[in-house]
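Reading through the structure tokens given below for one structure.
Protein chains in written order, with our numbering: chain V, 987 to 1113; chain C, 987 to 1113.
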């Protein structure tokens, strides 16, 4: 776990890049991966920040951690801790300012019904 | 050279896919390549369709042909012949309808001045 010092506060996640310094190339390399697009889509659809563990992904935990890392480095998400939960927030406004229209363009998958629903629905109670 | 028959006319380019049947995944895999993005940017900036040979690309002719093929298969460009010149047209309206906002999002590179200028400028006359 990386510990950095910022503004006199202890912070358990690495610093986040300035979105304005990120290239379109890096962003496209991030979102060309369907698992990473699913993370973005779920954060985009959610009304709140989501803990890593609450986003259902078809990959191992370590692979998921890698995908979150790539999205953070590409300026798409901000990560922070609440207790032991690593939370994820879409950097919607900053990203929209740097790459206008791109987040909206990614929504076509959800609108076409190809992506997963935005939040896991509780299943029926066990019989 | 592929020759297909369509509407009773001989056509020297393969049929073009319906953009509405193309996945966002395929489109992103097409535009994640910077050479292919340059082709799209030059067609987007040009006021007319462009022959393959008029778009200056830092790759061999056969590699360029491959890139045009990928863009055609991803629904981004339409190709046709005028004499012996293979012309390229951005499928702007169809693509915008299927993937709203995506072409606009790609323009950030040109607006930031990272991409090449839309058309080659004539150099100074030789001394």
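Glycine included, each C-beta is placed from N, C-alpha and C at the ideal position.
**Message:** Please return the same chain residues whose Cβ sits closer than 6 Å to the Cβ of residue 1084(C), not counting the five positions on each side in sequence.
**Reply:** 1005 and 1006
**Request:** Please report how far the alpha carbon of residue 1041(C) lies from the alpha carbon of residue 1030(C), in whole angstroms.
**Result:** 12 Å
**Request:** Identify the contact partners of residue 1086(V) in chain C, using a Cβ-Cβ distance below 8 Å as the criterion.
**Result:** Chain C residues near residue 1086(V): 1090, 1091 and 1094.
**Asked** Alpha carbon to alpha carbon, what distance is there between residue 1017(V) and residue 1062(C)?
**Response** One C-alpha to the other measures close to 18 Å.
**Message:** Any beta carbon from chain V within less than 8 Å of residue 1076(C)'s own beta carbon?
**Reply:** no
**Request:** Measuring only between beta-carbons, confirm whether residue 1020(V) sits less than 8 Å from chain C.
**Result:** Interface residue, yes.
**Prompt:** Within the 8 Å Cβ cut-off, does residue 1015(V) reach chain C?
**Reply:** yes
**Prompt:** How big is the Cα-Cα spacing for residue 1047(V) and residue 1054(V)?
**Reply:** 11 Å
**Asked** What do you get for residue 1026(C), buried or exposed, if any count of 16 or more other CB atoms within 10 angstroms of its CB means buried?
**Response** Under this definition residue 1026(C) is a buried residue.
**Asked** Nearest-angstrom Cα distance between residue 1039(C) and residue 1049(V)?
**Response** Looking at the two C-alpha atoms, the distance is approximately 43 Å.
**Prompt:** Just checking, does the stretch 1087 to 1097 of chain C make contact with the stretch 1073 to 1092 of chain V on the three C-beta pairs under 8 Å criterion?
**Reply:** yes
**Message:** Excluding the 5 residues flanking residue 1071(V) on each side, which residues of the same chain have their C-beta closer than 8 Å to its C-beta?
**Reply:** 1037, 1038 and 1039
**Request:** Could you tell me the distance, in whole angstroms, from the CA atom of residue 1014(V) to the CA atom of residue 1033(V)?
**Result:** 25 Å
**Item:** Test: residue 981(V) CB closer than 8 Å to a CB of chain C
**Value:** Within the shown structure, residues of chain V are numbered from 987 to 1113, placing residue 981(V) beyond reach of any answer.
**Asked** Which value, in whole angstroms, describes the spacing of the CA atoms of residue 1022(V) and residue 1069(C)?
**Response** 45 Å
**Request:** Note down the Cα distance separating residue 1020(V) from residue 1066(V), rounded to an integer number of angstroms.
**Result:** 23 Å
**Length of the line joining the Cα atoms of residue 1044(V) and residue 999(V)** = 24 Å
**Message:** Could you check whether residue 1010(C) and residue 1095(V) sit closer than 8 Å to each other, using their CB atoms as the reference points?
**Reply:** yes
**Asked** Cβ atoms of residue 1064(V) and residue 1077(V): under 8 Å apart, would you say?
**Response** yes
**Cβ shell of residue 1097(V) (< 6 Å), same chain only, five flanking positions each side left out** = For residue 1097(V), same chain residues with a beta-carbon under 6 Å away, outside a window of 5 residues either side, do not exist.
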